[in-house]
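Taking the working numbering, I'd label the letters of the sequence shown as residues 1 to 259. Every residue gets a Cβ at the ideal spot worked out from N, C-alpha and C, and that includes glycine.
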Amino acid sequence: MIRVEDVGAVRTIRLDRSEKRNALTPRMLDEFVAAIKTSTHARVIVIEPVGPVFCAGFDLSECRDDAGALPSLLTGLAWATATMRASPAIVIAAAPGAAIAGGCAILCGCDLVISTPDSKFGYPVVKLGISPAVSAPLLSLAVGDGAARARMLSTDLIDGQAAHHLGLVHELCDTPEACAARAHELAATLIDKPSTGLAATKSWLNEVDGSLAGNTIRLALETSLSLVGGEEQNERLAEVWSQKRDSEAAKQRDREEKK
C-alpha cells in the first residue's frame, strides 16, 4: 500500500491504494511512518499518489468490525505528520484530485505542496462525530488560526484555488501529471543546494513556528481520541455504513436487471 523508490538523494513515497482513492488504513500509516524514518540518506522526499486522487482520508470500513481501528488511524496520522515535520529532508507533496481529512492533514506535515485548481480539500468528519483536532496544530501553522478554525468547523470542501489562496497549497499545476512532474522538478532543484543549509533552515523554521515544541501534537491527538466510541460517533458511522450497504444493494439490482 506504500511504495518507496529511491533515486539518488530523492525518496519517492507513493500512496498505492487507488481502488480506494488511497484511503488510509492503520497498516498504511505504519508503512508511511517507516518510509519517512528510514529515509536517512534522502535530502528530499516526494509524496505522491498512485492514480488521480491523493488521499480520500481514513478508510472507515476498517472501523466496522474493529473497535481499535479508529484509534489506530488517529494515532498513526499524528505520528505521520510529526515524523514528516521532524525529518531533516525537505518533504514535497504532489496532491492532485483530493486531500480529504487525514489526507489534508498529511499535506500540513509537508514543507511544499503542489496541487491542481480543481482538487478538493477539507475536513468533513465532524458530521461523523469524529473530531479533526489531531490535525489542528499543523493546519493552523499552514493557513493561520482563523482559516484553520473555519475549515475544521465546516464540513464544506474547498477547491485548489482557494487552498492556494489560504496557503495550504503552494503551487498549482493544470493536471495530475504536471503536478507530479513539478514536484520532482522542485526536488531536483533542492538537491543541488547545500544540504546542511537546507536541513538547518528547516530545523530552525520548526523552532520558530513551534510545530514540534511541547506536547501540542500529543494533546491534539488526545482530543480526537476522546470522542472515539462515543454514542454520537457510533450512531453516525452506523448510518454511513447503512447508506453504503443500501447503495451497493441498489447497484447490484441495477446490474442484475440489465442482464
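### Query
For the stretch 102–121 against the stretch 130–149, are there 3 or more C-beta pairs whose distance is under 8 Å?
They touch, by the three-pair rule.
### Message
Can you list, in chain order, the residues of its chain with a C-beta nearer than 6 Å to that of G51? Leave out the 5 residues immediately preceding and following it.
### Response
Position 51 of the sequence shown, counted from the first residue, corresponds to residue 51. So the list reads S18, once near-sequence residues are dropped.
### Query
I think D118 touches G160, with their Cβ atoms under 8 Å apart; what is that distance to the nearest whole Å?
The residue labelled residue 118 in the question sits at position 118 within the sequence shown. The residue labelled residue 160 in the question sits at position 160 within the sequence shown. Going by Cβ atoms, the distance from D118 to G160 rounds to 6 Å, so yes, they are a contact pair.
### Query
If you draw a straight line from the C-alpha of S226 to the C-alpha of S115, how long is it?
Position 226 of the sequence shown, counted from the first residue, corresponds to residue 226. Position 115 of the sequence shown, counted from the first residue, corresponds to residue 115. Spanning the alpha carbons of S226 and S115 requires a straight line of approximately 33 Å.
#### Entry: Whole-Å CB distance - T25 paired with E62, under 8 Å assumed
The sequence position of residue 25 within the sequence shown is 25, counting from 1. The sequence position of residue 62 within the sequence shown is 62, counting from 1. The pair is a contact, with the Cβ atoms about 5 Å apart (cut-off 8 Å).
### Message
Considering only their Cβ atoms, is the gap separating I92 from A183 smaller than 7 Å?
### Response
Locating residue 183 in the sequence shown gives position 183, counting from the first residue. Locating residue 92 in the sequence shown gives position 92, counting from the first residue. A distance below 7 Å separates the beta carbons of A183 and I92.
### Task
Give me the Cα-Cα distance between R64 and W241, rounded to the nearest whole angstrom.
Reading the sequence shown from its first residue, position 64 is the one you call residue 64. Reading the sequence shown from its first residue, position 241 is the one you call residue 241. In this model, R64 and W241 are separated by some 8 Å (Cα to Cα).
#### Entry: Three CB pairs or more closer than 8 Å across the stretch 231–246 and the stretch 158–176
The stretch 231–246 vs the stretch 158–176: no contact.
### Message
Using 8 Å for Cβ pairs, my map puts I45 next to I13. What's the rounded Cβ distance?
### Response
Along the sequence shown, read from residue 1 onward, the residue named residue 45 stands at position 45. Along the sequence shown, read from residue 1 onward, the residue named residue 13 stands at position 13. With 8 Å as the limit, I45 and I13 qualify as a contact, their Cβ atoms being about 6 Å apart.
### Task
Apply the 10 Å Cβ neighbour rule to S154 and answer buried if 16 or more other Cβ atoms are within range, or exposed otherwise.
If you number the sequence shown from 1, residue 154 lands on position 154. By the neighbour-count rule (16 or more Cβ atoms within 10 Å), S154 is not buried but exposed.
### Query
Any idea what DSSP makes of C63, helix, strand or coil?
Within the sequence shown, residue 63 is the residue found at index 63, counting from 1. C63 falls in the helix class under three-state DSSP.
### Query
In its own chain, which residues sit with a C-beta less than 7 Å from the C-beta of P71, not counting the 5 before and 5 after it?
Along the sequence shown, read from residue 1 onward, the residue named residue 71 stands at position 71. In its chain, beyond the 5 residues on either side, L225, V228 have a beta carbon closer than 7 Å to the beta carbon of P71.
### CB contact flag (A67, A42, <7 Å)
Reading the sequence shown from its first residue, position 67 is the one you call residue 67. Reading the sequence shown from its first residue, position 42 is the one you call residue 42. No, Cβ-Cβ distance for A67 and A42 is not below 7 Å.
#### Entry: Span of the alpha helix (DSSP H), counted from its first residue to its last, around A105
Indexing the sequence shown from 1 puts residue 105 at position 105. Here the alpha helix (DSSP H) through A105 covers 102–108.
### Query
Comparing the CB of G230 with every heavy atom of the ligand FAD, is any distance shorter than 6 Å?
In the structure on display, the ligand FAD does not appear, and there are no ligands present to speak of.
### Task
Tell me whether V7 is buried or exposed, calling it buried when 16 or more other Cβ atoms sit within 10 Å of its Cβ.
Mapped onto the sequence shown, residue 7 falls at position 7. The residue is exposed, with fewer than 16 neighbouring Cβ atoms inside 10 Å.
### Query
Which residues in the same chain as A69 place their Cβ atom closer than 7 Å to its Cβ, once the five residues preceding and following it in sequence are excluded?
As a first step, residue 69 must be located in the sequence shown, where it is residue number 69. Here the set comprises P26, E62, C63.
### Message
By DSSP's criteria, I13 is part of a beta bridge. Which residues make up the other side?
### Response
As a working mapping, residue 13 is identified with position 13 in the sequence shown. Its beta-bridge partners are V4, I47.
### Task
Less than 8 Å between the CB atoms is what I'm expecting for A95 and V113, so what's the real figure, rounded?
Translated into the one-based positions of the sequence shown, residue 95 becomes position 95. Translated into the one-based positions of the sequence shown, residue 113 becomes position 113. Rounded, the Cβ-Cβ distance is 6 Å, consistent with contact.
### Task
For D209, I'd like the list of residues in its chain whose CB is within less than 6 Å of its CB, leaving aside the five on either flank, ordered along the chain.
Residue numbering aside, residue 209 sits at position 209 when the sequence shown is read from its first letter. Correct list, in chain order: L141.
### Task
Ignoring anything shorter than 3 residues or poking outside the stretch 196–250, list the beta strand (DSSP E) runs there in chain order.
None, since the stretch 196–250 contains no complete beta strand (DSSP E) of that length.
### Message
With DSSP as the reference, identify every bridge partner of G122, one or two as the case may be.
### Response
For this step, residue 122 is matched to residue 122 along the sequence shown. G122 is bridged to I100.
### Task
Could you tell me the boundaries of the beta strand (DSSP E) in which I114 lies?
Residue mapping note: residue 114 aligns to position 114 of the sequence shown, counting from 1. Start and end: 112–115.
### Message
Can you tell me which residues form a DSSP beta bridge with A93?
### Response
By one-based count along the sequence shown, residue 93 stands at place 93. Answer is I47, V113, bridged to A93.
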